[in-house]
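When we follow our numbering, the leftmost residue of the sequence shown carries the number 16, and every step to the right adds one. For each residue, glycine too, the CB sits at the ideal point set by N, CA and C.
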Amino acid sequence: MVEIVKRPHVENFIRWAADKPRVVVLSADLTNSCEVAKWRDTYPDRFFSLGMAEQNLMGFAAGLAREGFEPYIHTFAVFIYRRPYDQLAMSIAYPNLPVRFMGFLPGITTPGGVTHQAIEDVSIMRATPNMTVLETGDATEVESVLDVAHSIDGPVYVRFLRGEIPRLFPKDEPMRLNHARVLRRGTELAVLSAGICTEETMRATDVLSSQGLSISHLHISTHKPFNDPQVLEAISNARYGVITMENHTIIGGLGSATAELMAEEGVGKRLIRIGLQDTYAHGASQHYLMKEYGLDAISLVRAAEKLTAQPFNITEEDLAGVRLQATHSDAKAEAL
């Protein structure tokens, strides 16, 4: 059974920042919700609360970066790119400043509805010049993404997970920039997944592989740049085609990046994009929304059947038998 880690960012970020005095944190009135209340109490002189004024927050971060600091903005993802995009683009991305945007509640990880669900953030940030775009998929990546972001000379946007998070990957295998995790190798089907969809993909590929389907499964944590040779190799070798699975609209995210790569490299394979189908989601639990909008393991099975023209006769009960994640324990998920 996969280990569940409770709020891995809280203590890890404090330890990581201890010998980095130029690292500062900016909050938009969501300090505890974005797991930096203890960081604030530990390093009060390096913490700035800007309130619900995200445009001002971007300008403040830009000023700190120009003076040699490394700002880490902690707020909900929607408040990073929807409200203050002009300031983000002109004050931070255009001058290529080392500001780190830690975007919490990506996609449908919140029941807060359309006002709080960042479903087009990867698309917008990929289209922003100078921006590096990362996404965490488990506790190991939440802990190790700090080193990746810190190493980049320019702005970085991170789709960040909080609360109780599964540890899908070993602690000694940290996230690497523009380097996919190859979780399974095969020659018939290539599956690319990101974020919370990777756990669902792992469940589906376990069962599909047991029925004889040869699958390559790559976990993607870098959305931009997107030119890892491992990705091209997996798609090129896939006999039936490619499936992408993302907690995001299928327009502009992982599915689009994959389609662009395939077109540019002349890879003539079929592609199925699993994600939000050009729609907003409504407010409900993550489990319900993943099922409602087809981001769960059974949806991947159905896509594999479509690509291969083979009925696998796999049911949701079959998939439940290989659930990787333990039942969540005592930490009630916050809506906001």
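Please go through the same chain and pick out, in chain order, the residues whose beta-carbon is closer than 6 Å to the beta-carbon of residue i, but skip the five residues on each side of it.
i: A257; result: Note that residue 257 is Val in the sequence shown here, rather than Ala. Excluding residues within five positions, the ones whose Cβ falls inside 6 Å are A205, I250, K284 and L286.
i: V25; result: E50 and K53
i: F28; result: W54
i: A154; result: V20, P23, I180 and R182
i: M305; result: D311
i: T342; result: Confidence in T342 is poor, its pLDDT being 31 and thus under 50, which makes the residue's placement unreliable; the coordinate value appears in the next sentence. Around T342: no qualifying Cβ.
Using a threshold of 7 Å, state whether the C-beta atoms of residue i and residue j are closer than that.
i: D44; j: M73; result: no
i: I134; j: G118; result: no
i: L207; j: T273; result: yes
i: V160; j: M140; result: no
i: E150; j: R182; result: no
i: G210; j: N262; result: yes
i: A296; j: Q132; result: yes
i: G268; j: S138; result: yes
i: D243; j: A195; result: yes
Quick one, which of the options has its alpha-carbon nearest residue i's?
i: V40; options: P113, M16 and V197; result: P113
i: I230; options: R199, E156, V337 and V160; result: R199
i: V171; options: I29, R97 and H238; result: H238
i: T46; options: T90, K321, N242 and P185; result: T90
i: K321; options: H302, L79 and I289; result: I289
i: I123; options: E332, T323, S166 and L291; result: L291
Can you name, in chain order, every residue of its own chain whose Cβ lies under 7 Å from the Cβ of residue i, other than the five neighbours on each side?
i: E280; result: L247
i: C212; result: M260, E261, N262 and L310
Spell out the partners DSSP gives residue i in its beta bridges.
i: L149; result: V173 and T237
i: T286; result: Here residue 286 is Leu; the residue named in the question, Thr, does not match the sequence. Answer is V257.
i: G227; result: Paired residue(s): none; G227 is not in a bridge.
i: I88; result: L41 and F116
i: L291; result: T264
Can you list, in chain order, the residues of its chain whose CB lies under 8 Å from that of residue i, leaving out five sequence neighbours each side?
i: L334; result: R218, A219, V222, A312, I313 and V316
i: T202; result: S229, S231, N252, A253 and R254
Would the stretch 157 to 174 count as touching the stretch 125 to 132 if we require 3 or more Cβ pairs under 8 Å? no
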